[in-house]
Amino acid sequence: MKFQLLSDIDTVRRGWPLGRVRPASWPDSAAPGVPDRPSNLGWARAEPVRTLRWMIQRGLSLPFTKLMTDPHVEGRDWLRQMDRPAILASNHVSHADTQILLYALPDGAREKTVVAAAADYWYRRPWLGRVVGLWLNTFPFSRTGGAREVLHSASELLKSGWNLLYYAEGTRSTDGRLGTFMPGLGHLANQTRSPVVPMHIKGSHRVMPKGRAFPLPAPVEVRIGKPLSLGPGEDSRAFTGRVESAVRELSAGSRKPEVVGTWIERWEASRPPNRSRSARHRIG
1 MKFQLLSDID TVRRGWPLGR VRPASWPDSA APGVPDRPSN LGWARAEPVR TLRWMIQRGL
61 SLPFTKLMTD PHVEGRDWLR QMDRPAILAS NHVSHADTQI LLYALPDGAR EKTVVAAAAD
121 YWYRRPWLGR VVGLWLNTFP FSRTGGAREV LHSASELLKS GWNLLYYAEG TRSTDGRLGT
181 FMPGLGHLAN QTRSPVVPMH IKGSHRVMPK GRAFPLPAPV EVRIGKPLSL GPGEDSRAFT
241 GRVESAVREL SAGSRKPEVV GTWIERWEAS RPPNRSRSAR HRIG
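In the UniProt record's numbering, the protein residues as written are 1 to 284.
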């Protein structure tokens, strides 16, 4: 009975009317070397786990993200226009980043996105690795060694039709500033010939700063830029630098300066002026 229920939910997840499967988000022919069927790259990308994750995201994670951060997202159309898997390269300032960035993606892209998660942090405890694998569709990404093996795993995921959310700095910023991108991003793009979509998230370090276990409400901005591809004769390091520059440009184009103060003061300052005045009028 339970498996029949999951099967029915999966049918709904894939699209209406019942019995007609929604077309895949990315055509298999789009990426070079894509196998006829996706490779078996782990339980987190197999059924019924994919359907369970869809239920968790739709029923809990996405509404909670909206409630806590009310993300302002720019540039979703760049992803809607894409017809092949891509590397989503973002800055990294908070444990809240991944869920907020997934919220920012169009539905079809979100369901086909895998997240590179630091193996030495998220997978040192088996139960924690299972939780983030189920919830966020992660795979272990080593920051301390085994680069060739990690690159191979990431390549297989891209060639099998998955987008890859990749934090190119390799660690979280402690103050919200953008760090230097690691060269692995360019190597991965070069090996797979995948486009890279620059992304920038702002404000999430106030939602869940480094060292904090639970989130606080704070407004967040996500900006998505034009996809980039390696140019003729461009080497991996130069391309990594070009992606970093694109993310910095997204950062510089933020809607408004960041507000300082307590989280309540920041939240109040983020309200539209007419809402703040009407609220004060009602109280008075």
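Glycine included, each C-beta is placed from N, C-alpha and C at the ideal position.
Inclusion of A89 and L216 in the CB contact set at 8 Å is not warranted, their separation being larger than that value. Membership of F141 in the beta strand (DSSP E) is indicated by the continuous run 138-141.
In terms of Cβ geometry, V114 and W162 form a close pair [threshold 8 Å].
Counting of Cβ neighbours within 10 angstroms places F141 among the buried residues, the total reaching 16 or more. In terms of Cα proximity to S251, the closest of L165, V93, I87 is V93. Taking a C-beta distance under 8 Å as the contact criterion, A189 and V197 do not qualify as a contact pair. Counting of Cβ neighbours within 10 angstroms places Q99 among the buried residues, the total reaching 16 or more. In this structure H200 is buried. Its beta-carbon is surrounded by 16 or more other beta-carbon atoms within 10 angstroms. Across the set E74, R223, E111, the C-alpha of E111 shows the shortest separation from the C-alpha of L164. Counting only runs of 3 or more residues that sit fully inside the segment 96-167, the beta strand (DSSP E) segments are 113-118, 138-141, 163-167, in chain order.
Taking C-beta atoms under 8 Å as the contact rule, G170 and G75 fail to qualify, at a distance of about 24 Å. Between K210 and R172, the gap from beta carbon to beta carbon is short of 8 Å. About 14 Å separates the beta carbon of N137 from that of R58, a gap too long to meet the 8 Å contact definition. Judged by DSSP in its simplified three-state form, S229 adopts coil rather than helix or strand.
Taking C-beta separations shorter than 6 Å and ignoring five residues to either side along the sequence, the partners of H205 in its chain run V93, S94, G176, following chain order.
In the three-state scheme derived from DSSP, where H, G and I count as helix and E and B as strand, E244 is classed as helix. Taking 8 Å as the cut-off, the beta carbon of D70 is found closer than this to the beta carbon of P219. In terms of Cβ geometry, Y103 and T65 form a close pair [threshold 8 Å]. Less than 8 Å divides the Cβ of A154 from the Cβ of A116. Under the three-state reduction of DSSP, R45 is assigned to helix.
For P198, DSSP records a beta bridge to A89. Of the candidates V131, R80, W127, the residue whose Cα lies closest to the Cα of D107 is R80. The beta-bridge partner set that DSSP reports for I224 consists of M199. The Cβ atoms of L157 and H187 lie no closer than 8 Å to each other. Taking C-beta separations shorter than 6 Å and ignoring five residues to either side along the sequence, the partners of D97 in its chain run I201, S204, following chain order. Short of 7 Å from the beta carbon of I56, and not among the five residues preceding or following it, lie these beta carbons of its own chain, in chain order: W135. Judged by DSSP secondary structure, E74 falls within the beta strand (DSSP E) whose first and last residues are 72-74. When secondary structure is reduced to three states using DSSP, M182 falls in the coil class, being assigned neither helix nor strand. For M68, the enclosing alpha helix (DSSP H) starts and ends at 62-69.
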